[in-house]
Structure formats: C-alpha cells, structure tokens
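Inspection log for the structure reproduced underneath, given as structure tokens.
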Amino acid sequence: MIIRFRLPPLSVLIYGSILLPSLIPLTILGGSLPPPSTSTTMPDTTLYLELVVNDRNFGSAVPISYRNNRYYLSQSQLRTIGLPISEPLAPEIAIDNMAGVNVKYDGENQRLLINVPSEWLPKQQIEVTEQDDFNLAQSSLGALFNYDIYATQGYPYSSLTHFSAWTEQRIFDRFGLLSNTGVYRTHFPSNNNTDDAKGYIRFDTQWQKNDEEHLLRYSAGDLITGALPWSSAIRLGGIQIARHFAIRPDLITYPLPQFSGQAAVPSTVDLYIDNFRTQSANINPGPFVINNAPRINGAGQATIVTTDALGRQISTSVPFYVASTLLKPGVWDFSLSGGALRRNYAIRSADYGEMVASGVVRYGTTPWLTLEGRGDIAKEMHVIGGGVNFRMGLLGVLNSAYSISNTSNGAFNNVAEPLNTNNATSNRLPPPAASRRGRGNQRSLGYSYSNAFFNLNAQHIISSDEYSDLANYKTPSLLSRRMTQLTGSLSLGSYGTVGSGYFDVRDALGEQTRLINISYSTSLLRNSNFYSALNRELGRKGYNVQLVWSIPLGPRGSSSISATRTNDNQWIQQLNYSRSAPSNGGLGWNLAYANSTNNNNQYQQADIVWRTSMMESRTGLYGNSNNYNYWGGLTGSLVVMNRSVYASNMINDAFALVSTNGFSNIPVSYENQLIGTTNAKGYLLIPTVASYYQAKFQIDPMNLPADVMLPNVERRLAIGERSGYLINFPIKRISAVNIRITDASGQDLPKGSAIYTTGNIPISYVGWDGMVYIEQVAQLNNLRIIRADNGTQCYSQFKLKTTEGIQDAGTTVCR
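Just add 3 to the spot in the sequence shown (first one is 1) and you have the numbering used here.
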C-alpha cells in the first residue's frame with residue numbers, strides 16, 4: 004500500500020492491494036457454462052453473469068456477449084459498474100482487452116471477476132457531520148413582556164429606598180420582530196439632589212427581519228454597527244443589512260480539512276481526530292473523500308484507518324491546522340449600517356447626532372486566506388482599511404491590517420479637561436480639536452496558534468496622532484495610540500493549566516499602562532478545583548493575588564474558600580456556600596462571609612431564590628453589622644398568544660406554546676426532556692427553546708382517554724429568533740360506531756363491500772360477519788353500499804342517541 008499526503012487540502016492517498024487473478028483451469032460442472040479456453044474456440048454466445056468489480060458484487064446477472072474469446076460489455080454496463088467513458092466508443096467494449104484490466108471467469112458461481120485500477124472508479128463522498136435538512140423557522144403572532152424588578156433599602160431605614168424595573172417588549176410574527184428595552188428608576192423619599200436620576204430611560208427600539216434562505220438580517224432602529232478585530236463598533240439610530248450565520252447553526256463557515264484516498268477492495272474507513280474516533284463508514288472500491296470533519300479549532304492530528312474484509316488494517320496519521328477566524332472559499336460576511344450617531348446611551352432616551360455610515364466585509368478566497376475590509380463615512384471624516392488572515396500551514400494564523408483616516412474641521416469637539424487626573428504627567432491638555440485634523444493611519448499585526456495543550460495569541464496596533472474613526476467622531480475623546488497584547492496558556496495534563504497575559508496600552512497623551520497576569524488552575528480531590536492568579540501593573544507599587552478553592556457538594560450545591568490580596572497589601576478572606584435553584588422549580592440560596600485583616604471589616608451576604616414555572620423571586624441582605632442593605636427582586640415573562648396570557652420565567656430567546664386541543668394533564672417533552680403537563684385548557688409554555696434549531700417536541704398519550712384520535716405525538720420544527728410559535732397537536736374525540744349490516748334476507752353483506760356517505764371515496768369496508776367500523780358519525784346516518792360480490796348498490800340508515808365515544812349500533816338492513 005502506498006501512502007501520499009498533500010496539504011492543503013489535507014488528503015491521504017491510500018492504495019489497496021490488488022490480488023492478481025491466477026489462471027487456474029476450471030472443471031466443467033453439470034449445469035454450468037464451460038469456461039472459455041484459449042486453446043479451444045467457442046462459438047459466440049451470450050452469458051448471464053454477475054459482475055464483481057474489485058471484490059464488489061453488483062448483485063444481479065446481466066447479459067454479456069462472448070465473442071472471439073473476449074467479454075463485451077455495453078456502455079451502460081460500464082457506467083453501472085463505475086468505469087469511466089471519456090470519449091465516444093463502440094456500443095460494446097471488450098473489457099478484457101482494456102489496458103490495466105484483469106478479468107477472470109467464475110463458472111461455478113456464474114460471475115465475471117473484474118479488477119481495474121482503483122482511480123478509475125467513482126469518487127465517494129463521506130460526510131462526517133451531515134447538514135440538517137433546512138426548514139424555515141416558524142413564528143406565530145404574539146407578544147412578550149420581560150421584566151426584572153429590583154428594590155433595595157438601607158439600614159437605618161431613614162436612608163433612601165431605590166427601585167428599578169428593567170423591561171422588554173416584543174411583538175413578533177412572520178413580518179419580523181419589533182422590540183423595545185428600557186429601565187425605570189425611582190427612589191423614596193424624593194430628594195432634589197437625586198431626582199434627576201428618576202424616570203424611564205429607553206435603551207433600544209428595533210425592528211428585525213431575518214432572511215433564512217440568504218442568511219441575511221435586516222434591521223431598523225437602534226443598532227450596533229459591525230466591526231472587525233482592528234476596527235470599532237458604534238451605536239446608531241438607522242438601518243442595517245448584515246450577514247447572519249446564526250440562522251443556520253448547522254453551517255460551518257470556516258475551512259475544514261478533507262481527507263481523501265483510494266481503496267482497491269470494499270473496506271471500512273475510520274477517522275480519528277486526536278485519538279478520538281469521529282467517523283466510521285463502509286466504502287466501495289475506488290477513491291473516497293472524507294468531508295466536514297468535526298468542528299475543531301487549532302492544530303491536531305488525524306488518523307485514517309482502513310480495514311478490508313479479511314481484517315487487514317492500514318493506518319496513516321496526518322497533521323492539520325484549522326482556523327475558525329477564516330472563511331471558506333467563496334463565503335461572504337458583511338455588515339452595512341447607516342444612520343444617526345447615538346449619544347449618551349443609557350443616560351438619555353433619544354439623543355442622536357450626525358448622520359454617518361459604516362461597513363465591514365470579509366471574504367474567503369482560499370482555504371488559507373481571508374480578506375477583510377472596512378469603511379466609515381461622515382461629513383468631516385472618511386476611513387478606509389483592509390486586512391488579511393493568513394494560515395501559515397501548520398504554524399498558526401497571521402493577521403495584518405492597515406487603515407487610513409482623513410478628517411477635516413469640525414470632526415471633533417474641543418477637550419476642556421485632562422482625561423486622567425490620577426497621574427501628574429496627564430495634566431497636559433491634549434491638542435485642540437482643530438489641530439487633530441488631517442490624514443492618519445493605523446497598523447495592526449497579530450498572530451495566533453493553538454493545539455490541544457498550548458495556545459498563544461499576540462496583537463499589536465499602532466495609530467498615528469492624526470488617526471481617528473467614528474468611535475470618537477464629534478466627541479472630545481482620543482483614541483489610544485499603541486496597544487500590545489500577548490496571552491497564552493499551557494495544559495499540564497493532570498497537573499492543571501497555566502495561563503499568562505501581558506497588556507501594554509499608550510493613550511493619546513503618552514501615558515503608558517502595562518499589566519501582567521499569571522494564573523494557575525487544577526483539579527483536586529473529589530472534583531474540587533483550585534484557582535490562583537497574580538495581577539500587577541508594572542511601574543506601580545503593589546500587586547493583586549487571588550486564591551480560590553471550589554468544592555462541589557452534589558445536589559446540596561457548592562462551596563468555596565478564597566483569599567484576596569489588594570494592591571495596598573490588604574488581605575480579604577471569604578467563605579461562600581450556594582445552591583442554584585433547579586431549572587424546573589425550587590429553592591436556591593447563596594451565603595457569604597468575608598473578613599478584612601487590616602481593618603477588621605466583616606462583610607456578610609445572604610440571598611434566597613425561589614423559582615417556579617411562572618416567575619423567579621429573590622431576596623436577601625448584604626453589608627456589615629453596622630450597615631446592612633436589604634433587597635428583593637422579581638423576574639419573569641408574560642406572553643400573549645392565542646387570545647390568552649401566560650406567565651413564565653424570563654424568556655431570553657425563543658419559546659413554544661404547546662396545545663393539546665383542550666386535553667389537560669398531558670406530559671410534554673422538549674428534546675426528550677420532560678418539561679411539564681398541560682394546564683386545564685390544554686396548554687403548556689416552554690420558555691427555553693433554542694432558536695433556529697430543529698428540535699423535537701413530543702407529548703405522551705398515555706393520559707388520553709381511549710375515544711380520541713391523535714394523528715401524531717411528535718413534531719420537529721425550528722422557531723425564529725426571540726419569537727414564539729403555537730405547536731398544535733390536533734387531538735380529537737372519536738365519534739364512531741360498530742354496526743352489523745345485513746341484506747333484506749338477513750344475510751351478512753359480503754366482506755370487502757364499500758361504505759359511502761357522500762362522494763366517491765369509501766369511508767369504511769364491511770368486515771367478517773357483516774361488521775363495519777365507521778368514524779365521524781352523526782345522530783342520523785345514511786349509507787350507500789356497493790356489494791363486493793356483484794357490484795350492486797343498496798342503502799341503509801341508522802340513528803344514534805349521542806355522537807360521543809365509540810358505540811355499538813346493533814344491526815341495520817341494507818335495501
């Protein structure tokens with residue numbers, strides 16, 4: 004077997020061994036055709052033989068012409084067995100006269116054994132991760148109201164009581180989603196010094212519509228512009244069109260390795276990624292390609308193992324590198340936005356400024372190169388830039404970008420005070436806005452590498468003094484002039500993981516901030532975890548240390564013991580014990596105690612959470628013995644759909660309203676997990692549905708009465724983002740009868756006689772002993788019957804006192 008490897012795309016060329024047929028004379032058996040003999044000329048004839056190509060049996064016998072000691076196959080037969088026909092040939096081809104082909108006649112089993120070069124056979128595509136069948140996501144007309152209410156009261160009680168309520172409103176249907184978010188704040192008693200913080204502040208109001216077929220999102224209202232790692236995002240009030248890959252969670256947008264090879268005989272191929280088997284498939288002789296390897300990222304090793312029918316194995320290991328920051332060839336990703344700048348977000352409800360436009364785009368050119376671009380346009384500012392992401396074989400990914408900005412008078416507001424008053428050197432005022440106009444540039448260079456044990460990320464960005472973009476347009480803010488970031492981690496196996504980071508930022512005034520971080524984490528006895536971290540700002544005194552030991556306690560919750568050192572050499576010890584409220588309802592809590600060694604300041608905290616299917620309530624206190632704060636909160640959702648209102652825990656994404664057509668106490672499952680039972684009206688709200696995922700919704704019919712009809716107990720569908728859908732299981736009560744039908748002489752009608760009410764489609768048939776089962780009956784029923792023995796018609800009529808359930812109507816006569 005010969006192994007060849009080429010990257011990219013990754014491929015393994017596997018040639019199976021070919022058994023050359025030995026020329027052994029066959030004995031003429033009774034009833035079998037004689038084998039052709041090279042020494043004896045046989046008359047021309049037609050043989051009916053099974054074709055076996057490289058040990059693959061095609062099953063049925065086909066006519067094969069035998070002439071002049073040659074076996075002739077038609078062009079259609081050649082195509083059936085997968086042999087290529089590249090040019091017009093004669094109607095029949097002598098298969099044993101083709102170069103590279105060996106033919107052997109198996110007279111005992113009436114087969115023609117053909118061996119051809121493996122590369123002649125059709126290429127087989129093996130999908131490791133198959134794409135889900137695409138179905139449009141569903142959305143019903145409805146409305147939703149999310150709320151998160153919080154109130155706090157200090158001690159002594161003469162202090163202010165603060166109250167806030169965050170709310171979200173949604174209206175959704177096939178037309179899209181209209182949403183609004185905001186917060187209401189107030190306090191008691193009123194105070195002239197703080198009354199300006201009272202009232203309602205609107206955050207975002209937006210309409211969105213997703214185009215699932217083209218993977219696009221259309222937005223209007225308050226939005227955030229798209230951004231690249233080396234550009235800035237801003238808030239606008241305007242419109243946007245953008246690629247939205249989240250619509251198809253089954254799609255993989257970055258290049259994955261392909262593994263290809265050839266098998267001479269039928270075999271089984273197994274794919275292992277980092278020693279974990281991810282795929283096993285049976286393959287026919289010929290070339291094969293393994294597509295869509297599992298969703299992996301970074302460096303790894305693939306092992307391809309082929310096993311033939313005799314158990315002989317060939318394995319080949321191939322290194323590869325996958326970068327999720329790249330795009331597949333031909334894939335576009337973009338975001339185009341335009342509108343008015345949003346100012347004072349979360350401070351003012353409607354503060355908009357100048358009109359601007361912003362756009363970013365990414366395009367996959369090859370499996371190892373992705374191009375990027377950006378552009379910002381405003382009245383006094385223009386920014387344009389481009390970048391690349393380049394996979395360097397197995398060595399990681401290099402990224403680089405360059406941007407140019409051009410600003411004119413009026414692009415910035417004047418700065419009236421220093422940006423940083425904590426440092427003496429920052430008392431210099433930055434240059435006036437008028438002097439910052441002109442052409443500037445920004446350069447970016449980065450590198451990333453990761454594997455199962457180690458990862459490294461580095462990024463360096465330098466901006467000239469004149470460079471600006473929409474992030475500081477019409478503001479007094481200044482952009483940083485240099486930023487360096489270096490992070491990495493190393494896995495020590497069972498001994499834990501070490502991580503580190505270095506951050507160096509120089510602002511527009513020349514002030515430099517350098518931070519260093521080192522961390523270590525590991526698992527200890529009984530699944531407990533230990534975490535430690537050291538943080539320090541270089542050039543300043545002091546450092547910060549954190550030590551945490553987390554201990555899981557199973558269904559009783561978890562506890563932790565921690566110690567923290569602050570920059571001023573103050574140590575704080577803390578004990579914590581918590582238990583999350585069960586997702587299906589129940590009690591949760593959090594207890595904490597902290598002590599500072601320097602000032603003997605003791606901090607206590609106690610929280611209680613009660614979760615039900617309709618809401619989640621919380622209350623607690625925190626502080627020290629001289630100054631406690633008491634608080635309480637309530638979160639949940641109200642859904643308006645199908646002319647009813649339903650209460651639920653907070654719904655962050657999609658939800659489903661299951662209807663059993665009025666039947667109560669019916670168990671409902673989502674993805675094989677029991678959610679609950681339907682209420683008295685036959686409804687159950689499922690608040691935790693993942694949008695755009697083809698999920699399974701199922702009901703258990705065991706609690707249904709016997710006289711009902713249920714077309715299905717399971718439905719698979721996807722629900723749109725942040726919307727809801729009414730899933731109806733059309734359970735109906737059966738109105739049916741068992742009745743015996745005889746003719747005028749009292750004889751049972753022959754079995755198979757067709758029963759009609761209206762139209763030409765029979766509703767039932769006569770069974771044994773003249774018995775008939777009829778559904779959907781009325782109190783007065785007229786039947787037309789066509790006899791099965793002679794085709795004649797007769798008519799019958801019967802009455803019922805009630806149409807509920809399954810009844811026995813006795814005997815009726817057909818006349």
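Note that the Cβ used here is the ideal one computed from N, Cα and C, for glycine as well.
Check                                                                                                                           : Outcome
Contact under 8 Å by Cβ, aspartate 792 with proline 733                                                                         : no
Contact set for alanine 223: own chain, Cβ-Cβ below 6 Å, skip 5 residues either direction                                       : Trp210 and Ile242
Residue range of the unbroken alpha helix (DSSP H) whose run includes leucine 81                                                : 78-83
At least three beta-carbon pairs within less than 8 Å, the stretch 319-326 to the stretch 467-480                               : no
Helix, strand or coil at leucine 528 according to DSSP, with G and I counted as helix                                           : helix
Proximal residues to leucine 493 (C-beta, below 6 Å), its chain only, five neighbours per side dropped                          : Phe457 and Val501
Opposing strand residues paired with serine 640 [DSSP bridges]                                                                  : Asn149 and Ser651
Sequence ranges, beta strand (DSSP E) only - wholly within the stretch 279-363, length at least 3                               : 279-286, 289-294, 301-311, 316-325 and 335-345
CB of glycine 727 within 8 Å of CB of methionine 617, strictly                                                                  : no
Beta carbon of asparagine 402 nearer than 8 Å to that of valine 391                                                             : yes
For glutamine 209, the first and last residue of its enclosing beta strand (DSSP E)                                             : 202-214
Local Cβ density within 10 Å of serine 14, reported as buried at 16 or more and exposed below that                              : Unreliable positioning characterises serine 14 in this predicted model, as indicated by a pLDDT of 38, which lies under 50. The coordinate reading is nonetheless provided below. Classification for serine 14: buried.
Alanine 536 beta carbon near the ligand COA (any heavy atom closer than 7 Å)                                                    : Among the components modelled here there is no ligand, and therefore nothing to report on the ligand COA.
Residues of its chain near asparagine 112, where Cβ-Cβ distance is below 8 Å and the 5 sequence neighbours each way are ignored : Glu53
Coarse secondary structure for asparagine 742, derived from DSSP in three states                                                : According to the sequence as given, residue 742 is isoleucine; it is not asparagine. In this structure, isoleucine 742 counts as strand in the three-state DSSP scheme.
C-beta contact flag for leucine 624 and asparagine 632 at 8 Å                                                                   : yes
Pairwise C-alpha distance: phenylalanine 666 and aspartate 610                                                                  : 39 Å
Continuous beta strand (DSSP E) stretch holding glutamine 549: start and end                                                    : 547-555
The stretch 256-275 in contact with the stretch 346-356 per 3-pair CB rule at 8 Å                                               : no
DSSP three-state assignment for leucine 163, whether helix, strand or coil                                                      : coil
Secondary structure of tyrosine 75, DSSP reduced to three states                                                                : strand
Spatial neighbours of isoleucine 299 in its chain, beta-carbon cut-off 7 Å, leaving aside the 5 residues before and after       : Ile276 and Val325
Residue environment, tyrosine 798, which counts as buried when at least 16 other CB atoms sit within 10 Å                       : exposed
C-alpha distance - valine 56 paired with arginine 280, whole-angstrom precision                                                 : 30 Å
Backbone secondary structure at proline 11 - three-state DSSP                                                                   : Reliability of the predicted coordinates at proline 11 is poor, the pLDDT of 40 falling under 50, and no value is obtained from them.
Nearest-angstrom Cβ-Cβ length linking tyrosine 580 and leucine 594, presumed shorter than 8 Å                                   : 5 Å
CB of proline 2 within 8 Å of CB of serine 531, strictly                                                                        : One cannot answer for residue 2 here, as it falls past the ends of the chain, which runs 4 to 818.
Close Cβ partners of serine 503 (< 8 Å) along its chain, the five nearest in sequence each way excluded                         : Thr490, Gly491, Ser492, Ile519, Asn520, Ile521 and Ser522
Residue(s) in a DSSP beta bridge with lysine 699                                                                                : Arg719
Nearest neighbour of leucine 372, chosen from Ala381, Glu383 and Val334 [CA to CA]                                              : Val334
Spatial neighbours of glutamine 316 in its chain, beta-carbon cut-off 8 Å, leaving aside the 5 residues before and after        : Val308, Thr309 and Thr310
Coarse secondary structure for tryptophan 613, derived from DSSP in three states                                                : strand
Cutoff 6 Å; reference phenylalanine 506; Cβ partners in own chain excluding five residues on either side                        : Gln488 and Leu518
Proximal residues to glutamine 462 (C-beta, below 6 Å), its chain only, five neighbours per side dropped                        : Gly449 and Gln488
Same chain, Cβ closer than 7 Å to glutamate 215, neighbours up to 5 away in sequence not counted                                : Leu139, Ala140 and Ile250
Range of the contiguous beta strand (DSSP E) that encloses isoleucine 788                                                       : 783-789
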